[in-house]
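Each remark here refers to the structure printed beneath this line.
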Amino acid sequence: MDNKLLIYLAYHRPVITYASPIWACTAKSNLHKLETLENKTIRMIVNAHWYQRTAEIRHALNIPSLKQFIHKLSTKFYTSLPSIENPEISKIPNYDITDNRNRKRPRLPSTCMTPSNSLSVFTRRDSLFCLPSLLFLFY
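Convert by adding 66 to the 1-based position in the sequence shown; the result is the number in the working numbering.
Here it is in structure tokens:
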């Protein structure tokens, strides 16, 4: 079991977390898939039963969760950025974790929601399309 765990920590985990400080802000579903893969691997290594919790297995083996590991790598990476002398890397803006701006996609302007002479609004397959007077149908 120790050899399997060392192989996992030395070879498999670095492949999973390659460039993770950059892609760590990915969708939760993507992270969940990686966590599932890691949990299955750890369960196979220790030959765990179905009723054993993954958190208990991690605690017994002293292995942090994937989120904790990626957070640790990201913190280490971003704290070392100011000391790097590369001019391209120095152009990267500082990330403020306390920034609470809404990062959703912008909505359609309100002029698209009301029909006018220059705009035509029609419904197709339960979707609202806002188009100029020249209608282009997409099939």
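Idealized CB from N, CA, C, for every residue including glycine.
In angstroms, rounded to a whole number, what distance separates the CA positions of residue i and residue j?
i	j	result
Ile88	Lys133	14 Å
Ala93	Met110	26 Å
Thr145	Asn160	10 Å
Leu127	Leu72	11 Å
Tyr205	Cys91	Residue placement at Tyr205 is flagged as unreliable, the pLDDT there being 40, under the threshold of 50; the coordinate-derived value follows with that caveat. Straight-line Cα distance between these residues: approximately 34 Å.
Asn69	His115	20 Å
Should residue i and residue j be called a contact, given that it needs their Cβ atoms to be closer than 9 Å?
i	j	result
Lys138	Pro130	yes
Ile136	Ser95	no
How many whole angstroms separate the CB atoms of residue i and residue j, which I take to be in contact at a CB cut-off of 8 Å?
i	j	result
Leu100	Ile82	6 Å
contact_flag[the stretch 90-109, the stretch 148-159] where n(CB pairs < 8 Å) is 3 or more: no
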